[in-house]
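Undergrad: 392 is the number that the working numbering gives to position 68 of the sequence shown; each next residue is one higher, with no gaps.
Glycine included, every Cβ here is placed at the ideal spot set by N, Cα and C.
Note that the coordinates shown come from a computational prediction; the quantities given were computed from them, not determined experimentally.
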Amino acid sequence: MTDEEKQELCIACQKCCKLINIVLPPQVNKELLDYYKLRGFNVKEIGFGQFKGYFVIEINAPCVYLSEKGCSVYKDRHKMCREYDCRNDPAMMYEGLWTK
Ligand code: SF4
Ligand code: SF4
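Here it is in structure tokens:
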């Protein structure tokens, strides 16, 4: 996949620019998950694949640089954003468009 193709998919997806995800293993204390739910976070259980049984706490926190057309600072985006690859992220590898 070329950089241009990746950029097009990201503009259509934007998931990792809108969400912060905390990934927790299957052994996590379920009371902690209940607490996060009570606080209004979306708690998801991964239902298949190599991370089946892991939990994801989704925090809705859109980046201030995200515009309707995608990242407004794309050429100068943060190092974390440059290096991030949703294909290796348990929280996104079943959802991000690079992974389809
Ligand atoms: S989750 Fe993947 S495809 Fe979606 S915006 Fe992030 S890097 Fe791009
Ligand atoms: S700086 Fe750009 S690529 Fe990074 S999270 Fe914000 S909108 Fe997304």
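Kindly provide the chain-ordered list of residues whose Cβ lies closer than 6 Å to any non-hydrogen atom of ligand 2.
TA: Working through the chain, the matches are Cys341, Cys387, Tyr389, Leu390, Cys395, Val397, Arg401, His402 and Cys405.
Undergrad: Between Cys410 and Met417, what straight-line distance do the alpha-carbon atoms span, to the nearest angstrom?
TA: Counting from one through the sequence shown, the residue named residue 410 turns up at place 86. Counting from one through the sequence shown, the residue named residue 417 turns up at place 93. Their Cα atoms are separated by approximately 6 Å.
Undergrad: Taking DSSP's pairing of strands, which residues face Cys407 in a bridge?
TA: On the sequence shown, position 83 is the one that residue 407 refers to. Checking the sequence shown, residue 407 turns out to be Glu, not Cys. Looking at the DSSP assignment, Glu407 forms no beta bridge with any residue, so it has no partner.
Undergrad: Out of curiosity, what's the CA-to-CA distance linking Ile346 and Tyr408?
TA: Residue mapping note: residue 346 aligns to position 22 of the sequence shown, counting from 1. Residue mapping note: residue 408 aligns to position 84 of the sequence shown, counting from 1. Those two C-alpha atoms are separated by around 15 Å.
Undergrad: Any heavy atom of ligand 1 closer than 7 Å to the beta-carbon of Lys339?
TA: Mapped onto the sequence shown, residue 339 falls at position 15. Flag set: Cβ of Lys339 near ligand 1.
Undergrad: Jot down the residue ranges of each uninterrupted alpha helix (DSSP H) in the region 331–382, minimum 4 residues, whole runs only, in chain order.
TA: Whole alpha helix (DSSP H) segments, 4+ residues: 339–342 and 354–362.
Undergrad: Between the region 361–370 and the region 392–408, are three or more C-beta pairs nearer than 8 Å?
TA: Too few Cβ pairs lie closer than 8 Å, so no.
Undergrad: Count the other CB atoms, across all protein chains shown, that sit within 10 Å of the CB of Gln351; report buried if there are 16 or more and exposed otherwise.
TA: To locate residue 351, count along the sequence shown from 1; it is residue 27. With fewer than 16 other Cβ atoms within 10 Å, it is exposed.
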